[in-house]
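I have placed the structure first, in the form of structure tokens, so that the comments after it can refer back to it.
Protein chains: 2
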Amino acid sequence: MIENDIFRALADPTRRAIFEKLAAGGMNASALREGMEISQPAMSQHLSVLRSAKLVREERQGRFVNYEVDPDGLALIAQWLAKYRAYWPARIEALKVLLKDMDQ
Amino acid sequence: MIENDIFRALADPTRRAIFEKLAAGGMNASALREGMEISQPAMSQHLSVLRSAKLVREERQGRFVNYEVDPDGLALIAQWLAKYRAYWPARIEALKVLLKDMDQ
DNA sequence: CCAACACATAAGCACACACTTATGCGATTC
DNA sequence: GAATCGCATAAGTGTGTGCTTATGTGTTGG
Numbered sequence: 001m002i003e004n005d006i007f008r009a010l011a012d013p014t015r016r017a018i019f020e021k022l023a024a025g026g027m028n029a030s031a032l033r034e035g036m037e038i039s040q041p042a043m044s045q046h047l048s049v050l051r052s053a054k055l056v057r058e059e060r061q062g063r064f065v066n067y068e069v070d071p072d073g074l075a076l077i078a079q080w081l082a083k084y085r086a087y088w089p090a091r092i093e094a095l096k097v098l099l100k101d102m103d104q
Numbered sequence: 001m002i003e004n005d006i007f008r009a010l011a012d013p014t015r016r017a018i019f020e021k022l023a024a025g026g027m028n029a030s031a032l033r034e035g036m037e038i039s040q041p042a043m044s045q046h047l048s049v050l051r052s053a054k055l056v057r058e059e060r061q062g063r064f065v066n067y068e069v070d071p072d073g074l075a076l077i078a079q080w081l082a083k084y085r086a087y088w089p090a091r092i093e094a095l096k097v098l099l100k101d102m103d104q
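Those protein sequences? They're chains Z and C, same order as listed.
According to the UniProt record's numbering, the residues represented by the first sequence are 1 to 104, in order.
According to the UniProt record's numbering, the residues represented by the second sequence are 1 to 104, in order.
Here it is, written out as structure tokens:
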């Protein structure tokens, strides 16, 4: 189940940090490691988890592998969250209803 | 960190099922167990995790404890998700920008 | 080509997690 | 007021997770 992979992937603070870093702009695994105090295999493993959760996607570039945020994963979270729209704070709720209407 | 608690709480499929059940309407722990094949202590522990993640809140009623969805947790997820608004699919993105504008 | 590089994978280990059984603790009911 | 009910907590156990070191694989530059 992909939904399970997503939440499990985000359950780790290091992986959320990696994801956040990638959200600021795609980069390769080595660049991601800079200023993060994480070993190369650990980074590779984290990226593998994020990849199978569709939170991140790779693009081979020569001997580098460029990573970037995959919108698919985020969309699935948004979809999950939308199921509980009724419980969001009232102000947000009103806007969401409007949003839904405009979305047809 | 509460953000960590939230994702870790949702990483377990049983807890997501409990949360989903509560989203359909508040109920006590025993009612939650019905049709779920889960022991009483396990349910109690799961509810404890969901509670400290602010995904669920309790309200004592006599010797029962009524549980219901806590909007705080959902709002925090929405907030987290909003940080990556730029990566949502274009159609959703346009609507989100509109939403943001209307939210001032 | 072959050495260095960027990254992935394998195997092992310490710790966290979700479960179990057993027990505790208020509240209710008879 | 004692038994029962609804739920929480304690303690122990098997499994999963994230790290490590070691090694493999594909690519590039001298």
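The beta-carbon is built from N, C-alpha and C at its ideal position, and this holds for glycine as well.
Return the first residue and the last residue of the alpha helix (DSSP H) that residue i is part of.
i	result
Glu58 of chain C	Careful: Glu58 of chain C lies outside any alpha helix (DSSP H), inside the beta strand (DSSP E) at Val56 to Gln61.
Going by beta carbon distance, what residues of the same chain come within less than 7 Å of residue i, once the five residues before and after it are set aside?
i	result
Ala9 of chain Z	Arg15, Val49, Leu50, Ala53 and Leu55
Trp80 of chain C	Glu3
Shorter than 7 Å from the beta carbon of residue i to some beta carbon of chain C?
i	result
Leu10 of chain Z	yes
Ala23 of chain Z	yes
Tyr87 of chain Z	yes
Val69 of chain Z	yes
Leu74 of chain Z	yes
Ile77 of chain Z	yes
Classify residue i as helix, strand or coil using the three-state DSSP reduction.
i	result
Met102 of chain Z	With a pLDDT of only 39 at Met102 of chain Z, under the threshold of 50, the placement of this residue in the model should not be trusted, and no figure is reported.
Does chain Z have any CB closer than 7 Å to the CB of residue i?
i	result
Ala17 of chain C	no
Ile2 of chain C	no
Val56 of chain C	no
residue 107 of chain C	Residue coverage of chain C in this structure runs from 1 to 104, which leaves residue 107 of chain C outside it and unanswerable.
Phe7 of chain C	yes
Who are the Cβ neighbours of residue i in its own chain at under 8 Å, not counting the five residues just before and after it?
i	result
Met43 of chain C	Ile18, Ala29, Leu32, Arg33 and Met36
Gln22 of chain Z	The identity of residue 22 of chain Z in the sequence shown is Leu, whereas the question assumes Gln. Leu32, Val56, Tyr67, Glu68 and Val69.
Leu76 of chain Z	Ile2, Glu3, Ile6 and Lys54
Going by beta carbon distance, what residues of the same chain come within less than 6 Å of residue i, once the five residues before and after it are set aside?
i	result
Glu58 of chain C	Val65 and Tyr67
Continuous alpha helix (DSSP H) assignments of at least 4 residues falling wholly in the UniProt domain "HTH arsR-type" (1 to 89) of chain Z: 2 to 10, 13 to 23, 29 to 33, 40 to 52 and 71 to 82
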